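In what follows, a structure is listed as structure tokens, so that the remarks can point back to it.
Protein chains: 2
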Amino acid sequence: MIDAAIRSGTADRPSIFEVFARSLPGGRRYGVVAGTGRLLELIGEFRFTDAELTWLENENVVDTVTLDWLADYRFAGSVWGYQEGEVYFPGSPLLVIEGSFAEAVILETLALSVLNYDSSVASAAARMVSAASGRPLAEMGSRRTGEWSAVAAARAAYIAGFSATSNLQAGRQWGIPTMGTAAHSFTLLHDSEEDAFRAQVAAMGPGTTLLVDTYDVTAAVNLAVKIAGPELGAVRIDSGDLPEQVAAVRRQLDGLGAENTKITVTNDLDEFTIAALRAAPVDSYGVGTSVVTGSGSPAAGMVYKLVARQDAAGAWISVAKRSANKATVGGRKFPVRELSASGTATAEVIHLGSPELATGSQRPLLVPLIVEGEPEARFLGADGTALARAHRAAAIAELPAEAFRLGRGDPVIPTRYA
Amino acid sequence: MIDAAIRSGTADRPSIFEVFARSLPGGRRYGVVAGTGRLLELIGEFRFTDAELTWLENENVVDTVTLDWLADYRFAGSVWGYQEGEVYFPGSPLLVIEGSFAEAVILETLALSVLNYDSSVASAAARMVSAASGRPLAEMGSRRTGEWSAVAAARAAYIAGFSATSNLQAGRQWGIPTMGTAAHSFTLLHDSEEDAFRAQVAAMGPGTTLLVDTYDVTAAVNLAVKIAGPELGAVRIDSGDLPEQVAAVRRQLDGLGAENTKITVTNDLDEFTIAALRAAPVDSYGVGTSVVTGSGSPAAGMVYKLVARQDAAGAWISVAKRSANKATVGGRKFPVRELSASGTATAEVIHLGSPELATGSQRPLLVPLIVEGEPEARFLGADGTALARAHRAAAIAELPAEAFRLGRGDPVIPTRYA
Numbered sequence: 073m074i075d076a077a078i079r080s081g082t083a084d085r086p087s088i089f090e091v092f093a094r095s096l097p098g099g100r101r102y103g104v105v106a107g108t109g110r111l112l113e114l115i116g117e118f119r120f121t122d123a124e125l126t127w128l129e130n131e132n133v134v135d136t137v138t139l140d141w142l143a144d145y146r147f148a149g150s151v152w153g154y155q156e157g158e159v160y161f162p163g164s165p166l167l168v169i170e171g172s173f174a175e176a177v178i179l180e181t182l183a184l185s186v187l188n189y190d191s192s193v194a195s196a197a198a199r200m201v202s203a204a205s206g207r208p209l210a211e212m213g214s215r216r217t218g219e220w221s222a223v224a225a226a227r228a229a230y231i232a233g234f235s236a237t238s239n240l241q242a243g244r245q246w247g248i249p250t251m252g253t254a255a256h257s258f259t260l261l262h263d264s265e266e267d268a269f270r271a272q273v274a275a276m277g278p279g280t281t282l283l284v285d286t287y288d289v290t291a292a293v294n295l296a297v298k299i300a301g302p303e304l305g306a307v308r309i310d311s312g313d314l315p316e317q318v319a320a321v322r323r324q325l326d327g328l329g330a331e332n333t334k335i336t337v338t339n340d341l342d343e344f345t346i347a348a349l350r351a352a353p354v355d356s357y358g359v360g361t362s363v364v365t366g367s368g369s370p371a372a373g374m375v376y377k378l379v380a381r382q383d384a385a386g387a388w389i390s391v392a393k394r395s396a397n398k399a400t401v402g403g404r405k406f407p408v409r410e411l412s413a414s415g416t417a418t419a420e421v422i423h424l425g426s427p428e429l430a431t432g433s434q435r436p437l438l439v440p441l442i443v444e445g446e447p448e449a450r451f452l453g454a455d456g457t458a459l460a461r462a463h464r465a466a467a468i469a470e471l472p473a474e475a476f477r478l479g480r481g482d483p484v485i486p487t488r489y490a
Numbered sequence: 073m074i075d076a077a078i079r080s081g082t083a084d085r086p087s088i089f090e091v092f093a094r095s096l097p098g099g100r101r102y103g104v105v106a107g108t109g110r111l112l113e114l115i116g117e118f119r120f121t122d123a124e125l126t127w128l129e130n131e132n133v134v135d136t137v138t139l140d141w142l143a144d145y146r147f148a149g150s151v152w153g154y155q156e157g158e159v160y161f162p163g164s165p166l167l168v169i170e171g172s173f174a175e176a177v178i179l180e181t182l183a184l185s186v187l188n189y190d191s192s193v194a195s196a197a198a199r200m201v202s203a204a205s206g207r208p209l210a211e212m213g214s215r216r217t218g219e220w221s222a223v224a225a226a227r228a229a230y231i232a233g234f235s236a237t238s239n240l241q242a243g244r245q246w247g248i249p250t251m252g253t254a255a256h257s258f259t260l261l262h263d264s265e266e267d268a269f270r271a272q273v274a275a276m277g278p279g280t281t282l283l284v285d286t287y288d289v290t291a292a293v294n295l296a297v298k299i300a301g302p303e304l305g306a307v308r309i310d311s312g313d314l315p316e317q318v319a320a321v322r323r324q325l326d327g328l329g330a331e332n333t334k335i336t337v338t339n340d341l342d343e344f345t346i347a348a349l350r351a352a353p354v355d356s357y358g359v360g361t362s363v364v365t366g367s368g369s370p371a372a373g374m375v376y377k378l379v380a381r382q383d384a385a386g387a388w389i390s391v392a393k394r395s396a397n398k399a400t401v402g403g404r405k406f407p408v409r410e411l412s413a414s415g416t417a418t419a420e421v422i423h424l425g426s427p428e429l430a431t432g433s434q435r436p437l438l439v440p441l442i443v444e445g446e447p448e449a450r451f452l453g454a455d456g457t458a459l460a461r462a463h464r465a466a467a468i469a470e471l472p473a474e475a476f477r478l479g480r481g482d483p484v485i486p487t488r489y490a
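Protein chains in written order, with our numbering: chain A, 73 to 490; chain B, 73 to 490.
Written as structure tokens, this is what we have:
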């Protein structure tokens with residue numbers, strides 16, 4: 073496309089692209105934007121290496137004029153968007169990219185990869201957080217998604233309200249609290265469960281979490297308290313019929329004098345099984361597959377569309393495709409969240425054309441993310457990740473209570489064009 | 073775990089871990105192993121950098137003895153496994169890792185991340201390939217998965233029988249044929265659809281593929297043939313009611329004398345919609361979201377389990393956990409595929425203990441992948457990827473016809489322990 077646009081003289085036309093989702097996947101009531109901070113860093117360093125350019129040349133993918141253009145590539149445009157952690161609805165213009173056609177269109181795959189994956193994880197994770205009713209959740213799903221997606225998933229889950237991750241790289245790169253756990257292999261490595269527990273307590277202290285379902289849960293809980301004493305930090309249960317098992321283990325621990333020993337469960341949990349454990353004496357959850365795969369909706373369905381461009385005379389033209397079922401709304405958009413007097417969200421209002429000054433009952437949703445090629449520093453790195461987590465908490469607090477119903481339904485507030 | 077095992081003197085115990093799946097996701101009849109070649113490269117270069125070690129030290133994740141051990145880490149053990157591209161069934165021992173406990177357990181997350189994601193994509197892609205009945209498929213889903221998972225997905229889909237990918241990095245890194253396409257934004261960038269088509273044909277020649285559903289398909293097909301002539305390579309349809317639309321466009325192209333112009337469709341396809349287009353005059357498919365997200369099963373459900381280890385006296389002990397619903401089968405395994413006289417697969421037979429010499433009707437399934445730390449060169453890089461694609465074709469050709477039914481069902485052959 074860039075090759076052909078350079079030849080036809082249209083590659084430099086000032087253009088506005090928009091990222092949005094036509095619908096929320098899985099009959100969810102709201103989505104959570106994640107990936108923005110990661111994306112800003114990736115756009116800031118988006119370059120073509122000599123090795124890449126040589127390959128493109130050897131394979132005749134583009135001509136020499138385009139190769140030169142790629143060699144000099146550096147995004148110099150501007151981007152506005154929903155702050156990371158913001159909630160969103162169908163049609164919400166999550167990212168607004170302004171630049172020449174060529175410099176903006178080339179970011180499509182990168183922007184969508186990052187936002188679709190990270191937002192899918194965050195949107196699922198936020199439902200698990202509300203299902204957990206304040207009990208902490210740890211993300212433990214690195215092994216169930218691609219090795220670099222695993223790091224992104226840990227970050228997205230943390231933004232959505234998870235407390236920690238087992239992914240150490242996510243801890244190092246994004247400042248996310250990390251936690252570890254012992255696997256069944258650690259118990260099986262030793263000559264007996266007792267040897268394994270003694271080895272773990274010797275290394276980690278009695279505050280550690282012992283895995284009690286390798287052989288027989290009741291016997292293992294007795295052994296755990298015998299070895300670590302009533303100061304035992306927690307026991308982990310990774311199999312079995314959870315609500316009954318958890319209650320039985322709680323009674324057993326209390327009977328052994330280990331009233332402060334916590335119970336953590338980790339058996340293929342998702343938002344529904346977490347909600348089903350609300351009445352059980354669980355202290356924390358470890359979640360794997362379901363959170364890193366978006367709990368049934370592994371891609372958020374976001375698209376990257378041209379919505380306006382200048383013509384040869386420099387006038388802005390709104391553009392939209394009219395494909396059946398996939399029509400787009402042209403033109404630059406200025407979204408606000410309409411709030412009731414008590415501060416509850418009532419509608420997503422998307423102003424077309426000139427920006428409306430938001431009144432007290434309307435919260436503007438676009439913030440500058442990249443200004444003339446420079447990513448906004450406050451959204452980057454570990455600080456940006458922490459900011460996104462705080463923003464998510466505030467944005468979710470505005471939602472009406474029906475937002476937290478787990479069953480399939482419509483978005484909890486309507487999207488209205490104004 | 074490594075920290076505690078070093079202290080308890082068990083970290084060096086020779087151990088055997090196994091990767092397997094308890095079941096096939098989504099009621100599928102068979103799975104396709106992918107990711108092995110990628111994994112061998114990643115294990116070969118698995119090291120801890122100074123920056124990583126410093127972080128682990130500062131965060132007190134492990135003690136100094138373990139830090140030293142990590143600083144020297146290099147996998148020196150051996151790995152056997154199913155050749156990449158092989159089909160698999162519940163219980164198939166896909167990877168057998170032999171090394172000290174510590175050097176093997178540390179690979180768990182990496183091995184599972186790579187194999188779970190890549191095999192999920194390949195298993196879905198193989199069904200799309202059979203549903204397409206010989207028509208070529210292009211992988212176009214980079215934007216619907218994490219940015220590095222996208223490269224892995226392109227590779228896995230190619231191994232499973234896709235013909236090409238739109239991911240240029242996958243072309244460069246793994247030697248996969250690449251293809252491109254024009255988006256709606258390219259049409260909307262120009263002052264008219266005619267200008268856009270002329271620009272594309274000028275840059276790419278009449279053999280290009282023109283996207284005809286930005287405004288009105290019938291008008292666009294007329295325009296496309298007017299501009300490119302009957303040598304027009306193809307038209308792409310990305311929306312609408314596909315079977316009827318495709319038939320109408322075929323009649324229109326034939327009526328315009330463009331009998332050789334092909335039709336490619338790309339509208340949210342999966343194995344079911346591809347099968348539904350069997351009677352329509354489609355020439356090729358572009359598949360995005362469904363293939364890179366495993367078409368409903370985004371993780372293959374593989375686990376990494378200790379199955380044997382030596383005791384303090386150096387004797388091998390088979391180990392297994394007995395958790396409810398998650399019990400494992402201990403001991404080293406030697407799997408073979410049992411074949412009928414005509415060469416059709418009839419069972420997955422997993423020999424426990426000493427290897428059985430496979431007779432003419434039994435194909436041994438384990439091949440050496442890493443020998444004392446050295447990955448087998450023939451499985452690496454672009455050559456390894458091509459080899460995996462060829463092996464997949466041969467392995468799938470052995471399956472009985474019922475393997476290609478798309479409905480939910482049991483594995484097409486039983487798994488038997490012997």
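For glycine and all other residues, C-beta sits at the position ideal for the given N, C-alpha and C.
The structure displayed is predicted, hence computed values, not measured ones.
Q: Please name the residue, chosen from B/V421, B/R244 and B/V186, that lies closest to B/P436 on a Cα-to-Cα basis.
A: Looking at B/V421, B/R244 and B/V186, the one whose alpha-carbon comes closest to that of B/P436 is B/V421.
**Q.** Rounded distance between the beta-carbons of B/D355 and B/I335, thought under 8 Å
**A.** For a cut-off of 8 Å, the C-beta gap from B/I335 to B/D355 is around 5 Å, short enough to register as a contact.
Q) Exposed or buried, what is B/T126 when buried is set at 16 or more other beta-carbons lying within 10 Å of its beta-carbon? A) In this structure B/T126 is exposed. Its beta-carbon is surrounded by fewer than 16 other beta-carbon atoms within 10 angstroms.
Q. Considering only residues of the region 132 to 181 of chain B, which uninterrupted alpha helix (DSSP H) runs meet the minimum length of 4 residues and lie entirely inside it, listed in chain order?
A. Secondary structure in the region 132 to 181 of chain B: the alpha helix (DSSP H) runs of 4 residues or longer, each lying completely within the stretch, are 136 to 143 and 173 to 177 in chain order.
Q. Under 8 Å between the Cβ atoms of A/G153 and A/V168?
A. Closer than 8 Å, so yes.
Q: Answer yes or no: does any C-beta atom of chain A fall closer than 8 Å to that of B/Y560?
A: Here chain B comprises residues numbered 73 to 490, so residue 560 of chain B is not present and cannot be evaluated.
Q: Compare the C-beta of B/W127 against all C-beta atoms of chain A and say whether one is closer than 8 Å.
A: For B/W127, the closest Cβ of chain A is nearer than 8 Å.
Q: State the DSSP-derived secondary structure class of A/V391, mapped to helix, strand or coil.
A: Per DSSP, reduced to three states, the secondary structure at A/V391 is coil, with no helix or strand assignment.
**Q.** Residues bridged to B/A434 (per DSSP)
**A.** Note that residue 434 of chain B is Gln in the sequence shown here, rather than Ala. For B/Q434, DSSP records a beta bridge to B/E410.
Q) Is the region 99 to 116 of chain B touching the region 479 to 486 of chain B in the sense that three or more CB pairs, one from each, lie closer than 8 Å? A) Contact holds: three or more Cβ-Cβ distances are below 8 Å.
Q. Are the beta-carbon atoms belonging to A/I442 and A/S150 less than 8 Å from one another?
A. Yes, they are a contact pair.
Q | Alpha carbon of A/S264 to alpha carbon of A/G218, nearest angstrom | A | Straight-line measurement puts the Cα of A/G218 at about 35 Å from the Cα of A/S264.
Q: Kindly give me the distance between the Cβ atoms of B/F173 and B/R85, rounded to whole angstroms, as I take these residues to be in contact under 8 Å.
A: The pair is a contact, with the Cβ atoms about 5 Å apart (cut-off 8 Å).
Q: Identify which residue in A/E156, A/E158 and A/T121 has its Cα closest to the Cα of A/D140.
A: In this structure, A/T121 is the residue among A/E156, A/E158 and A/T121 with its C-alpha nearest to the C-alpha of A/D140.
Q: Indicate the three-state DSSP secondary structure (helix, strand or coil) for A/E448 in the structure shown.
A: Coil at A/E448, not helix or strand.
Q. Can you find a CB in chain B that lies within less than 8 Å of the CB of A/Y287?
A. At least one CB atom of chain B sits nearer than 8 Å to the CB of A/Y287.
Q: Can you grab the Cα-Cα spacing for the pair B/E124 / B/S433, in whole Å?
A: C-alpha separation (whole angstroms): 50 Å.
Q: Quick one: measure Cβ to Cβ for A/V105 and A/L184, integer angstroms, because I've assumed they're closer than 8 Å.
A: Not confirmed; about 13 Å, so no contact.
Q) Between which two residues does the alpha helix (DSSP H) containing A/A292 stretch? A) Annotation: the continuous alpha helix (DSSP H) that includes A/A292 extends over V289 to A300.
Q | Interface flag, A/T181 vs chain B, CB-CB below 8 Å | A | For A/T181, the closest Cβ of chain B is nearer than 8 Å.
Q. At a Cβ cut of 7 Å, what residues of the region 214 to 237 of chain A count as close to chain D, listed as they run along the chain?
A. This model lacks chain D altogether, as its protein chains are A and B.
Q | Residue burial classification, A/S238 (beta-carbon count within 10 angstroms, cutoff 16) | A | That one is buried.
Q) Under a CB-based cut-off of 8 Å, is B/H262 close to chain A? A) So yes, B/H262 belongs to the interface.
Q) So does A/V177 have its beta carbon nearer than 7 Å to some heavy atom of the ligand GTP? A) As presented, the structure is devoid of all ligands, the ligand GTP included, so that no description of it is given.
Q | CB of A/V177 within 8 Å of CB of A/I74, strictly | A | With contacts defined by Cβ atoms closer than 8 Å, A/V177 and A/I74 form a contacting pair.
Q) When you compare each of A/M200, A/I231 and A/V401 to A/G456 by their alpha carbons, which one comes out closest? A) Nearest C-alpha to A/G456: A/I231.
**Q.** Three-state secondary structure (DSSP) of B/S185
**A.** Note: B/S185 maps to helix in three-state DSSP.
Q | Contact belief for A/A225 with A/S362 at Cβ below 8 Å, rounded distance in angstroms | A | Between A/S362 and A/A225 the Cβ distance is about 11 Å, and since that is not below 8 Å, they are no contact.
Q) By a C-beta neighbour count over all protein chains shown, 10 Å radius and 16 as the cutoff for buried, is B/P370 buried or exposed? A) Around the Cβ of B/P370, a 10 Å sphere holds 16 or more other Cβ atoms; the residue is buried.
Q.
Count Cβ pairs between the region 294 to 306 of chain A and the region 315 to 322 of chain A that sit closer than 8 Å; are there 3 or more?
A. No contact exists between the region 294 to 306 of chain A and the region 315 to 322 of chain A.
Q.
Measuring straight from C-alpha to C-alpha, what distance separates A/D326 and A/V359?
A. The alpha-carbon of A/D326 is positioned some 26 Å away from that of A/V359.
Q.
Just checking: is the beta-carbon of A/Q20 within a distance shorter than 8 Å of some beta-carbon in chain B?
A. For residue 20 of chain A there is no data in the structure shown, the boundaries of chain A being 73 and 490.
Q. By the criterion of Cβ-Cβ separation under 8 Å, what are the contact partners of A/K377 in chain B?
A. Those are H256 and S257, listed as they occur along chain B.
Q) Residues of chain B with CB under 9 Å from A/N132, in chain order? A) Listed along chain B, no residue sits closer than 9 Å to A/N132 by beta-carbon distance, the nearest being about 11 Å off.
Q: Output yes or no for whether 8 Å exceeds the beta carbon distance between B/L478 and B/A268.
A: Going by C-beta atoms, B/L478 is not nearer than 8 Å to B/A268.
Q. Once you ignore the five residues that flank A/V159 on each side, which residues in its own chain have a CB closer than 7 Å to its CB?
A. Within the same chain, A/V159 has close Cβ partners Y102, G103, V104, A467, I468 and L471.
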